[in-house]
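Top to bottom, those sequences are chains A, B, C and D. Take 92 as the starting number for the first sequence in this note's numbering and just add one per residue. Take 92 as the starting number for the second sequence in this note's numbering and just add one per residue. Take 92 as the starting number for the third sequence in this note's numbering and just add one per residue. Take 92 as the starting number for the fourth sequence in this note's numbering and just add one per residue. The structure appears below as structure tokens.
Number of protein chains: 4
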Amino acid sequence: MIRAGVYGASGYIGGELLRLLLGHPDVEIVSAVSTTRARRRVDSVHPNLRGSTDLCFCAPEDIGDCDVIFTAVSPSVAMELVPQIAHRTRVLIDLSGGFRLRDRAEFTRYYGEHNCPELLGEFVTGRPETHRKELTEADRISVPGCMANAATLALHPLAAEGLIRPEVTIDGRVGSSGSGVTADIMNLHAERSGAMRVFKPQRHRHEAEVAQSTGLTVRMSATGVEAVRGVQTLIRVSAADGARLDDRELRRLYRDYYGGEPFVRIVAQKRGLYRLPEPKILIGSNYCDIGFSTDPEDGTAVLVAALDNLVKGGSGNAVQAMNIRFGLPETLGLGFPGLHPV
Amino acid sequence: MIRAGVYGASGYIGGELLRLLLGHPDVEIVSAVSTTRARRRVDSVHPNLRGSTDLCFCAPEDIGDCDVIFTAVSPSVAMELVPQIAHRTRVLIDLSGGFRLRDRAEFTRYYGEHNCPELLGEFVTGRPETHRKELTEADRISVPGCMANAATLALHPLAAEGLIRPEVTIDGRVGSSGSGVTADIMNLHAERSGAMRVFKPQRHRHEAEVAQSTGLTVRMSATGVEAVRGVQTLIRVSAADGARLDDRELRRLYRDYYGGEPFVRIVAQKRGLYRLPEPKILIGSNYCDIGFSTDPEDGTAVLVAALDNLVKGGSGNAVQAMNIRFGLPETLGLGFPGLHPV
Amino acid sequence: MIRAGVYGASGYIGGELLRLLLGHPDVEIVSAVSTTRARRRVDSVHPNLRGSTDLCFCAPEDIGDCDVIFTAVSPSVAMELVPQIAHRTRVLIDLSGGFRLRDRAEFTRYYGEHNCPELLGEFVTGRPETHRKELTEADRISVPGCMANAATLALHPLAAEGLIRPEVTIDGRVGSSGSGVTADIMNLHAERSGAMRVFKPQRHRHEAEVAQSTGLTVRMSATGVEAVRGVQTLIRVSAADGARLDDRELRRLYRDYYGGEPFVRIVAQKRGLYRLPEPKILIGSNYCDIGFSTDPEDGTAVLVAALDNLVKGGSGNAVQAMNIRFGLPETLGLGFPGLHPV
Amino acid sequence: MIRAGVYGASGYIGGELLRLLLGHPDVEIVSAVSTTRARRRVDSVHPNLRGSTDLCFCAPEDIGDCDVIFTAVSPSVAMELVPQIAHRTRVLIDLSGGFRLRDRAEFTRYYGEHNCPELLGEFVTGRPETHRKELTEADRISVPGCMANAATLALHPLAAEGLIRPEVTIDGRVGSSGSGVTADIMNLHAERSGAMRVFKPQRHRHEAEVAQSTGLTVRMSATGVEAVRGVQTLIRVSAADGARLDDRELRRLYRDYYGGEPFVRIVAQKRGLYRLPEPKILIGSNYCDIGFSTDPEDGTAVLVAALDNLVKGGSGNAVQAMNIRFGLPETLGLGFPGLHPV
């Protein structure tokens with residue numbers, strides 16, 4: 092049994108980590124750390140886990156010895172925490188934004204000054220589809236941001252093959268759970284309900300991640316729409332000189348890259364309600380769905396990628412990376428396929 | 092021009108008061124009081140009023156002289172405030188729960204100890220359909236609670252005519268705006284979205300108001316459902332001995348009582364999507380819709396009443412009462428009919 | 092391996108049956124019957140199953156031999172279908188309303204004339220908590236209606252112990268998936284969104300089921316609220332003469348009856364957001380959560396029960412019954428605990 | 092009094108036309124035409140109008156003589172209808188897409204063959220902000236599409252001044268009412284609820300309108316998000332050679348163009364929840380809100396425009412055009428400012 096600890100266990104991504112780890116046959120949760128809820132029952136905060144566990148949250152200082160620690164906290168907390176707890180665990184999987192960028196200047200530009208920039212280079216990106224080999228031996232793993240993961244998975248094959256021009260735009264739409272469990276007026280139901288809130292029209296942090304992963308020049312906006320879970324990115328690309336972007340080519344390309352991936356599905360149908368990726372049927376699942384539309388006349392294409400921001404955009408991706416790191420079947424504990432209708 | 096002041100103007104009911112008063116041909120807003128937002132523009136909090144006003148909130152001590160003051164604050168604040176500001180205005184219309192109950196013991200039971208119980212008897216209930224005559228001369232008016240108003244309007248004719256047994260149950264459903272603008276975790280979008288939250292299974296405060304207004308024994312539950320605005324009450328009644336509750340009788344009864352009312356509509360159709368009252372088409376309007384279903388076999392009936400909790404359940408009812416008090420046409424400033432679809 | 096067939100497989104409950112059976116280690120789906128979608132891929136209708144199956148729907152006449160057939164169709168179709176296919180399978184589990192009532196007169200009253208009333212007596216109610224023993228040998232099983240199941244599970248211990256007066260009222264709230272996949276104007280998003288639609292103020296069909304199961308006199312209303320999945324019933328009861336309904340007593344009683352049940356949870360907390368049962372955290376799970384509130388003064392109590400109408404109110408209950416019938420561990424294939432937040 | 096007739100009066104835009112015209116002091120509705128609902132009461136379809144009118148729908152052949160006829164029908168119906176009824180009215184205001192494009196080839200490309208292409212040139216675009224002068228004398232007016240209107244109002248000043256490069260991309264998000272009242276499975280609540288549905292990733296029809304109005308090369312995608320009403324367009328532009336796009340410049344430019352416009356508001360604040368345009372607070376109102384964000388480093392900007400698709404994206408714009416055409420104050424009947432919260 093892998094002994095696992097979770098920091099930030101009373102948050103939304105932390106709660107999903109607990110759900111997935113409780114259902115994982117080879118994992119034992121040693122500690123669910125919460126500074127604000129220490130000693131309260133886990134199911135008092137995550138009521139879906141009633142009957143699944145009698146675990147209580149513990150204070151940070153009471154964490155036990157672990158084989159793997161997940162840190163599902165804010166970037167600023169993570170920068171403080173990671174150096175302190177690094178010795179307590181062989182494998183550390185960070186889900187904050189604190190260690191996603193390797194370049195210090197880029198980090199400063201999007202997040203502000205880093206506490207321990209010397210650690211930035213130690214983390215392997217926790218995206219199995221692009222870093223599977225490194226992950227088998229990684230002791231420090233940084234799980235990508237939700238929108239960054241969706242967009243990178245859609246762009247990676249095109250960028251890697253040099254099929255598109257370097258300038259791309261990404262329009263991200265997200266549900267309210269992405270803001271976390273903070274009781275701020277911006278997250279009030281009466282204000283957030285039915286919103287189409289362009290909270291970051293330019294320079295969203297995740298664009299730096301996509302740029303780092305793909306080598307492209309990325310412009311990303313982010314809009315909150317009515318949903319609790321879910322991320323969708325709509326990406327505009329243009330064919331590089333000499334390249335051709337048509338449906339057949341993209342379908343072939345994605346099949347080459349992702350045909351063997353357990354959690355990437357290509358969804359680009361001619362007809363039907365769900366002919367392009369849509370987050371709502373992915374709720375609770377670890378899938379990232381990728382689709383596309385091409386315009387043969389002018390060489391442009393629109394890519395669409397969707398996932399559950401708390402799962403494939405966070406906890407599920409982290410568990411998949413853990414499975415790889417510990418030599419387990421990659422899909423272990425991640426079998427829930429999502430619901431319809433929902 | 093009537094000079095009006097609004098306390099609690101940065102809240103949800105306060106904002107609706109400003110909207111209605113800005114659109115009222117005979118009212119000038121002298122002061123929009125907010126302790127937390129003093130000196131900020133009104134439209135920075137109520138963005139729907141952009142272009143309609145350049146007003147800024149003022150601190151409580153800066154309120155000007157008014158012909159009418161509306162207090163849209165919490166019961167505890169109202170109990171402090173009302174005695175302090177009573178001398179500043181001829182007419183005071185309170186929208187808190189602080190002065191709705193006349194009986195001190197009842198008040199204590201549902202709200203706790205009252206600050207100035209001697210004032211409880213001075214307030215006239217601000218429900219035009221049942222207190223129109225008193226309102227023409229009232230200087231202290233207490234606007235009913237949202238669910239209480241809907242339920243009372245539905246029950247009043249039956250209770251007044253002695254057609255039903257004294258024991259009734261009310262199942263109230265409310266949108267999230269009823270919780271006000273407080274940033275509490277219970278109002279977080281991710282928690283409140285899609286909820287069916289029985290936040291008060293028994294002894295909701297509004298049952299005391301309905302009991303006071305109708306003389307009935309009332310048991311009321313309250314459930315938060317997915318909506319920002321809107322209240323619906325489903326009420327179960329039984330025929331009194333010798334009385335008969337059938338569709339024809341109820342239709343006649345309601346027509347007698349409410350046929351001349353500008354803001355009560357009887358909605359009890361055999362067919363159609365909207366055959367019973369539904370709050371969503373009432374959003375922004377001052378209507379209370381009332382419907383019913385009867386069971387000829389066993390003498391029971393179900394009454395359904397709906398309204399916009401911020402309008403007919405608050406600000407609109409207050410403006411209607413003001414119109415009556417100042418001898419204006421009762422519908423002035425209240426012409427918006429609601430939307431479909433929405 | 093159990094060979095299973097599903098009629099109505101392109102419907103919402105049918106789709107959930109497919110999801111659960113695909114994830115079930117001891118079941119093989121032989122045929123997914125759909126009259127309207129025959130020969131199309133299952134995942135073209137249920138997009139959440141992409142990557143989980145390559146199955147196509149088949150026409151009714153092409154169904155293969157099965158150990159168990161699930162019929163997830165309308166009552167009128169079920170009445171035609173069941174006699175025709177009875178010989179094709181040892182075990183038939185009907186999820187329509189066509190065989191839930193044992194009494195022909197009651198059936199006629201709520202549904203109209205029955206085609207094959209002689210079969211009504213052959214079906215065992217598919218509620219493991221009350222009929223586990225019979226289910227081990229039942230060849231004809233009728234799965235309860237969604238609201239009926241929630242209400243019956245809440246009422247059963249109280250009724251069985253004679254603790255309550257025979258007259259109870261039930262206020263049911265349901266999401267839109269309960270209406271099925273029919274494209275009718277009443278189910279249009281623009282009309283149904285944000286609704287509080289009292290579509291059946293009195294005499295909802297499910298009241299007959301609850302009456303049959305509990306021996307009580309039941310009055311049930313039904314209201315559609317904003318949700319896709321989910322049922323919640325709010326039930327009012329009064330203590331029988333000499334009985335006492337207080338929190339301690341109800342907690343003890345429910346523990347006695349349901350302490351060993353894998354899919355019933357008692358949720359009645361003093362504090363917290365989810366202190367009473369709420370459907371949204373049950374989406375996709377097979378739980379029925381039951382809670383209560385008591386009024387020591389007057390001997391009344393409010394019971395609250397919630398479940399996912401498509402799972403514990405349909406497909407999940409059916410799979411649980413199948414597990415019992417075939418001697419398998421009862422929770423097999425039903426492990427998904429639900430999500431938070433959602 | 093202006094005598095008005097409405098075709099398509101049982102549809103969503105038709106219903107909003109009726110609401111606005113009923114509240115208009117200088118208009119009398121002569122006929123509300125509906126082929127499917129003839130002789131039924133208007134308020135049986137539009138329940139918000141209960142108490143506002145006793146009007147019944149009439150069949151097309153029963154339309155009376157009118158000063159103005161509004162045709163709120165599909166493009167294909169409009170192409171048939173307009174030539175037939177042109178003689179019955181001096182002023183015809185078409186709200187379909189049938190007469191929005193002046194170029195026949197463009198029309199064919201986006202809509203298919205036109206029935207009466209010779210009429211395409213006769214229609215004046217019903218956008219007061221850009222065609223006010225022509226509208227004072229126009230007898231044939233074509234009201235812009237909802238997303239096209241929002242995007243054009245945002246782009247027009249920049250394009251007219253030559254400040255941006257000709258290639259722009261538009262990401263449109265729309266509520267479900269844009270699909271009209273058709274009971275199709277794609278509009279089922281259970282399928283459409285919570286959707287992020289990229290129903291047109293490329294070549295949405297409205298891009299042709301924007302191109303026609305601005306002279307730009309437009310690429311438009313359209314995504315259905317969870318909302319009944321509301322359109323938001325997110326537009327990416329780049330500075331033309333020698334031009335500078337910064338906040339000050341854009342603010343000045345929009346003030347120059349729209350400072351006197353009664354229904355265009357510039358919303359581009361540094362802080363606050365509603366710092367960029369958001370449709371939900373515009374529901375029921377005739378406002379189009381326009382905002383922007385600029386990136387001084389690379390010369391790109393993001394424009395955001397929002398409106399209620401049924402009002403400023405349809406009925407309200409039509410009434411505003413009618414007011415201009417008949418020499419009335421332009422805001423008559425259009426005073427509702429929208430709601431908050433909602």
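Every residue gets a Cβ at the ideal spot worked out from N, C-alpha and C, and that includes glycine. Bear in mind that the values here come from a model prediction, so they are computed numbers and not experimental data.
Round the Cβ separation of B/Arg264 and B/Val328 to the nearest angstrom and send it over; I've been treating them as touching at under 8 Å. That belief does not hold up - the Cβ atoms of B/Arg264 and B/Val328 are roughly 18 Å apart, past 8 Å.
Taking only the alpha-carbon atoms, compute the straight-line gap between B/Leu367 and A/Ala330 and give it to the nearest angstrom. 56 Å
Does the beta carbon of C/Met277 sit closer than 8 Å to a beta carbon anywhere in chain B? yes
Output the boundary residues of the beta strand (DSSP E) element that contains A/Glu119. Val118 to Val124
Which residues, taken in chain order from the stretch 131 to 151 of chain D, show a beta carbon closer than 7 Å to some beta carbon of chain B? Ser135, His137, Pro138, Asn139, Leu140, Arg141, Gly142 and Ser143
Stretch-stretch touch, CB-based, cutoff 8 Å, three pairs: the stretch 119 to 131 of chain D with the stretch 402 to 413 of chain C: no
Can you name the residues of chain A whose CB is closer than 9 Å to the CB of C/Arg356? Arg141 and Gly142
Neighbour list for C/Gln293 in chain B, Cβ cutoff strictly below 7 Å: Ser384, Asp386 and Val393
Contact set for D/Glu300: own chain, Cβ-Cβ below 8 Å, skip 5 residues either direction: The residues are Arg191, Leu192, Pro235, Gly236, Ala239 and Thr243.
Answer with buried or exposed for D/Thr199, where buried requires no fewer than 16 other C-beta atoms within 10 angstroms of its C-beta. Around the beta carbon of D/Thr199, fewer than 16 other beta carbons sit within 10 angstroms, so the residue counts as exposed.
Around the C-beta of C/Glu388, are 16 or more other C-beta atoms found within 10 angstroms, so that it is buried, or is it exposed? exposed
Under 7 Å between beta-carbons, which chain D residues line up against C/Ser268? List them in chain order, please. Neighbours of C/Ser268 on chain D, chain order: Ala281.
Is the beta carbon of A/Leu338 less than 8 Å from the beta carbon of A/Thr385? Per the sequence presented here, residue 338 of chain A reads as Asp, with Leu not at that position. At the C-beta level, A/Asp338 and A/Thr385 come within 8 Å of one another.
Cutoff 7 Å; reference B/Pro257; Cβ partners in own chain excluding five residues on either side: Leu307 and Thr308
Give me the chain C residues within the contact set of A/Phe427, using Cβ-Cβ distance strictly less than 7 Å, ordered along the chain. Phe427
On the DSSP bridge list, what partners appear for D/Lys291? D/Ala313
For the stretch 104 to 116 of chain B and the stretch 170 to 180 of chain B, state whether three or more C-beta atom pairs, one from each stretch, are separated by less than 8 Å. no
Taking the alpha-carbon positions, what's the C/Asp399 to C/Ile374 distance? Between C/Asp399 and C/Ile374, the C-alpha separation is close to 5 Å.
Applying the criterion that 16 or more other CB atoms from any shown protein chain within 10 Å of the CB defines a buried residue, is D/Thr162 buried or exposed? buried
Rounded to the nearest angstrom, what separates A/Ser267 and D/Asp194 at their Cα positions? 43 Å
Along the chain, which unbroken stretches of the beta strand (DSSP E) at least 3 residues long are found entirely within the stretch 204 to 239 of chain B? 231 to 233
Extract the residue ranges of the beta strand (DSSP E) inside the stretch 140 to 178 of chain A, only unbroken runs of 3 or more that lie entirely within it. 157 to 162
Using the C-alpha atoms, what's the distance from C/Val319 back to C/Ser135? Cα to Cα, the separation comes out at about 20 Å.
Determine the chain C residues that contact A/Gly114 at a beta-carbon separation under 9 Å, and present them in chain order. Gly426, Phe427 and Pro428
Taking only the alpha-carbon atoms, compute the straight-line gap between D/Asp380 and D/Tyr345 and give it to the nearest angstrom. Roughly 11 Å between the two C-alpha positions.
Looking at C/Tyr202 and C/Pro166, is the spacing between their C-beta atoms short of 8 Å? A contact, by the Cβ cut-off of 8 Å.
Less than 8 Å between the C-beta atoms of B/Val393 and B/Leu325, yes or no? yes
Can you round the beta-carbon distance between D/Thr221 and D/His247 to whole angstroms, since I take them to be within the 8 Å contact cut? 6 Å
Determine, using beta carbons only, whether B/Val159 and B/Ala100 come nearer to each other than 8 Å. no
Just checking: is the beta-carbon of A/Met513 within a distance shorter than 8 Å of some beta-carbon in chain D? Since the first and last residues shown for chain A are 92 and 433, residue 513 of chain A lies out of range.
Ordered along the chain, which non-local residues of its own chain (more than five positions away) have a Cβ less than 7 Å from that of A/Lys403? Taken in chain order, the residues that qualify are Asn240, Phe354, Asn377, Tyr378 and Cys379.
May I ask which residues mark the beginning and end of the alpha helix (DSSP H) holding C/Thr199? Arg195 to Tyr202
In or out: B/Thr314 buried (at least 16 other Cβ within 10 Å) or exposed? buried
Establish whether the CB of C/Ile415 and some CB of chain A are separated by less than 8 Å. no
For a contact meaning CB atoms closer than 9 Å, what does C/Gly363 contact in chain A? Contact annotation for C/Gly363 against chain A: Ser135, Val136 and Pro138 [CB-CB distance below 9 Å, chain order].
Extent of the continuous alpha helix (DSSP H) to which D/Ile104 belongs: Tyr103 to Leu113
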